[in-house]
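Residue numbers (our numbering): 4 to 342. What follows is a short report on a single structure.
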Amino acid sequence: MTKPNLQRLLETVCGETQAAELLQLMNVSPQLLSSTSEQASRAEVAQALNMVLFAGILERVPTGMAYTRDVIQAGGQVVFDHGALRTVKWDCGNLPAGEIAFTRILAPLGYRLNGTYPLDRIGMTGRSYAHADLPDDIAQYFLSELHPERFSAGFQAAVSRVVSRSDDPLGDDAVAQLALLERDASLPMADAARLVPQLAACFARQHAEPALADYELLLKESAEMAWISTEGNAFNHATDRVADVRAVADAQRSLGRPIKDSVEVSRSGRVLQTAFKADPVERGFVGADGAVVRRSVPGSFYEFITRDFVPATEAAGGTLDLSFDAGNAQGIFKMTAAC
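Pasting the structure below:
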């Protein structure tokens, strides 16, 4: 029996064992498991990338890994709602500044802008991108840009020292395949399997280890920029869509896991979010004497979200509310302020 395209892509990128584990863990739309042709649709490529990135965050976030193991043991699955990443709208050397570094990837995959959210309290702007083909079933991206010009001159100088010599991981082969994917909305399976790991490599730090003095300076004004200095463009968090976020939070708290004290509720009342606190990671910094020193800093985290349906009386009545909320986002971002 021929395997579905999505399974074949995952097996090529991750190996058969991890591919099977991901397909057991993650709820996947039947539409993404129905094709066995030699052409991978943009939706299948997008889903494969999302699952690879989800696996990556579980490797970095022990609390998320522990939670998902519980889900599997209970016979359940997780619904990957969205992944979040941070960028800097500043001169980043060879890497395009701000969100352009990722919209050039998301657009060919079939993603479209779904909302813009001013995050003024933290000097950022957030934008959500939903998949045009299966918006309810393929994870969104919440892509934020930090604006250094809103901070002090010393802060701006430190940002430049950290990111101005960033590399661009997107090579000529990936650019060419993305152009074909954008034109045709599909790729030959062999090309898609080659593209996915190249795209996954973009979700990482593309600059050198920061100076410890610069990290400490950035941290005084922006926990978010300090986080970017150590983690770069890695997923800041991945989010599990659950039926009752409050019940999940209570259950995780009873297990002694470091869950946020409160649930963030959107102004509409339809989007509720909470999260584990970021797991600590050890990162290297360049000390004053040029030697590398290591420090424990906040890493990524695992989030939960409950989405209700839009009332029939509103324009998009009866559809799942896929929006975000600026207040919620700024509250959730605090999970990486400390660990």
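Beta carbons are placed, not taken as given, at the ideal position from N, Cα and C, and that holds for glycine.
query, result
"Residue ranges of each alpha helix (DSSP H) within the segment 125 to 167, 4 or longer", "156 to 166"
"Stretch-stretch touch, CB-based, cutoff 8 Å, three pairs: the segment 123 to 134 with the segment 197 to 210", "no"
"Ser257 in three-state terms, based on DSSP", "helix"
"6 Å Cβ shell around Glu14 - same chain, five flanking residues per side excluded", "Ala22"
"Simplified DSSP state of Val55, which is helix, strand or coil", "helix"
"Terminal residues of the beta strand (DSSP E) in which Ala285 lies", "Ala is not the amino acid found at residue 285; the sequence shown has Glu there. Start and end: Pro283 to Val289."
"Buried versus exposed call for Asn97 [16 or more other C-beta atoms within 10 Å across all chains shown]", "exposed"
"For Asp282 and Arg124, the rounded distance between their alpha carbons", "24 Å"
"Burial state of Asn236 (16 or more Cβ within 10 Å)", "buried"
"Minimum length 3: unbroken beta strand (DSSP E) runs contained in the segment 294 to 331", "295 to 301 and 304 to 310"
"Environment of Leu116 [buried if 16+ CB atoms lie within 10 Å]", "exposed"
"Secondary structure of Gln21, DSSP reduced to three states", "helix"
"Span of the alpha helix (DSSP H) around Thr71", "Pro65 to Gln76"
"Residue environment, Gln76, which counts as buried when at least 16 other CB atoms sit within 10 Å", "exposed"
"Beta-ladder partner(s) of Tyr218, from DSSP", "According to DSSP, Tyr218 bridges with nothing at all."
"CB of Ser303 within 8 Å of CB of Ile103, strictly", "no"
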